[in-house]
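Enquirer:
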Amino acid sequence: METIPRASRAVRRVALPEMLHTVLLSFRNLSAFVQALHMQAEYAQIESDLCLKYIPHIRNIWMGQFCASPSHSPASVPESELGFLVLVLLSAPPLTIDVSSSQLLTRCLRRAWNDMGMGGDIDHKCSPLPWSTKTLTLMEMKTGSWMWILGAPGKTFLASIPHIIVVPESDLHVGPRAEGEIGPQDYNLPWRMECIPWASLAKGLETLSLAFPRAELGLDVDEFGRVGLDMQVELVTFPTSMVKGDRVPLKFKPSTETGEGCISLDDVHVVVSHSKVHFQAGECRQGWEKVWACGFLTEGGGL
14 METIPRASRA
24 VRRVALPEML
34 HTVLLSFRNL
44 SAFVQALHMQ
54 AEYAQIESDL
64 CLKYIPHIRN
74 IWMGQFCASP
84 SHSPASVPES
94 ELGFLVLVLL
104 SAPPLTIDVS
114 SSQLLTRCLR
124 RAWNDMGMGG
134 DIDHKCSPLP
144 WSTKTLTLME
154 MKTGSWMWIL
164 GAPGKTFLAS
174 IPHIIVVPES
184 DLHVGPRAEG
194 EIGPQDYNLP
204 WRMECIPWAS
214 LAKGLETLSL
224 AFPRAELGLD
234 VDEFGRVGLD
244 MQVELVTFPT
254 SMVKGDRVPL
264 KFKPSTETGE
274 GCISLDDVHV
284 VVSHSKVHFQ
294 AGECRQGWEK
304 VWACGFLTEG
314 GGL
């Protein structure tokens, strides 16, 4: 009978690291995940065979959608449990943040900042940064949702990240491309992108990427709205040297058509996924979750 617990522990040690590779959190499972972190801390104290350090195995974290209700909001995580979440959330090199979870990111950054005793040292020349984030993906970020960068922790966090991916509201791109309002190779960025002072906020930023469902001329916009369509994904990447001053040009066009406020397609790198993902107007988050989980956004492949 002793072989059963041994086999169970062996399976657990093989399976858990694979399960932890990609972590998707939302209001539905955040409490359970924090509780699991709390249990692991207790196992570590008693040197239990059930102890497993999560951080070395987590490669991607998605902070997904949260509700506005008090019991399911980012503010619902007790301060006493926030410390467990901070260590894991800020340890993953690629981090994805939904607009509705930006408040939780704010709390985690502030907690990590205070725990390190960094105070007003925003130059952090002598102190290691309390996070490992290298790629930050922002889901449907709106102008007002950038309040988290106003303090020293937020500004320092953003300034330390070399690569940012923005996933605009997909509906704003599909319709104009499908109906011929923009060219088959053109990309119009949401006006909210222009309101973000990238050059001053993200001083360490090297590249900026935008992800779109691949919409072609003649695509059935009505069907896209009713039941959705299977579509490829495009990832458009350009160096921050293309950002003029504090503004991002709002259009990508072929080199023969560029003008004021445009970026030439000769200066950007476009990657198209091999397979397709289901997208529906107004409900694109599930499609983007699959794209992200397959590694297309963070690793440039896998889809």
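Residue numbers (my numbering): 14 to 316.
Cβ coordinates follow ideal geometry from the N, Cα and C atoms, glycine included.
Since we're looking at a predicted model, the values are computed, not measured.
(1) Would you mind sorting Ile59 into buried or exposed? The rule is 16 or more other CB atoms within 10 Å of its CB.
(2) Measure the C-alpha to C-alpha separation of Leu98 and Met32 and round it to an integer number of angstroms.
(3) Anyone know if the C-beta pair for Pro226 and Val187 falls short of 8 Å?
(4) Measure the Cβ-Cβ separation of Leu43 and Val90 and say whether it is below 8 Å.
(5) If you draw a straight line from the alpha carbon of Phe265 to that of Ile276, how long is it in whole angstroms?
(6) Quick check: what's the CA-CA separation for Ala228 versus Ile195?
(7) Pick out whichever of Met76, Tyr200, Ser113, Cys64 has its Cα sitting closest to the Cα of Phe251.
(8) Along the alpha helix (DSSP H) that carries Glu92, what are the first and last residues, could you check?
(9) Which of the three DSSP states, helix, strand or coil, is assigned to Trp144?
(10) Tell me the DSSP secondary structure of Ile135 in three-state form.
(11) Considering Cys121, what are the terminal residues of the beta strand (DSSP E) in which it resides?
(12) Roughly how many angstroms separate the alpha carbons of His51 and Asn73, rounded to a whole number?
(13) Rounded to whole angstroms, what's the CA-CA distance from Lys66 to Leu100? Just pull it up for me.
(14) Let me know the secondary structure DSSP gives Glu247 once reduced to three states.
(15) Does Ala191 come out as helix, strand or coil in the three-state DSSP assignment?
(16) Mark Gly167 as exposed unless 16 or more other C-beta atoms lie within 10 angstroms of its C-beta, in which case mark it buried.
(17) Since Leu248 contacts Ser222 with CB under 8 Å, what's their CB separation in whole angstroms?
(18) Does DSSP classify Ala222 as helix, strand or coil?
(19) Can you round the beta-carbon distance between Ser104 and Met76 to whole angstroms, since I take them to be within the 8 Å contact cut?
(20) Within this structure, are the beta carbons of Pro107 and Thr169 separated by less than 8 Å?
(21) Is the distance from the Cβ of Cys64 to the Cβ of Leu95 below 8 Å?
(22) Assuming contact is defined by CB atoms lying nearer than 8 Å, are Ala125 and Val180 in contact in what I supplied?
(23) Answer with buried or exposed for Ile110, where buried requires no fewer than 16 other C-beta atoms within 10 angstroms of its C-beta.
(24) Excluding the 5 residues flanking Gly238 on each side, which residues of the same chain have their C-beta closer than 7 Å to its C-beta?
(25) Where does His34 fall in DSSP's three states?
(26) Going by the DSSP bridge assignment, what does Pro319 pair with across the sheet?
(27) Which residue wins for smallest C-alpha separation from Leu242, given the options His291, Ile177, Leu278?
(28) Quick check on Ile135: buried or exposed, where buried means 16 or more other Cβ atoms within 10 Å of its Cβ?
Expert: Looking at the atomic coordinates:
(1) exposed
(2) 17 Å
(3) yes
(4) yes
(5) When only Cα atoms are considered, Phe265 and Ile276 end up about 5 Å apart.
(6) 11 Å
(7) The candidate whose alpha carbon is nearest that of Phe251 is Tyr200.
(8) 92-102
(9) coil
(10) For Ile135, the predicted model reports a pLDDT of 45, less than 50, meaning its position is unreliable and no value from the coordinates is stated.
(11) Premise fails: Cys121 lies in the alpha helix (DSSP H), 115-128, not in any beta strand (DSSP E).
(12) 20 Å
(13) 11 Å
(14) strand
(15) Helix, per DSSP.
(16) buried
(17) 6 Å
(18) Looking at the sequence itself, residue 222 is Ser, so the reference to Ala does not match. Note: Ser222 maps to strand in three-state DSSP.
(19) Their Cβ separation, rounded to whole angstroms, is 13 Å, which puts Ser104 and Met76 out of contact at 8 Å.
(20) For Pro107 and Thr169, no; Cβs fall outside 8 Å.
(21) no
(22) no
(23) Ile110 should be labelled buried.
(24) Ala294
(25) It is coil, neither helix nor strand.
(26) With the chain covering 14 to 316 only, the question about residue 319 has no answer from this structure.
(27) His291
(28) Bear in mind that a pLDDT of 45 at Ile135, under 50, signals an unreliable position, so the model cannot answer this.
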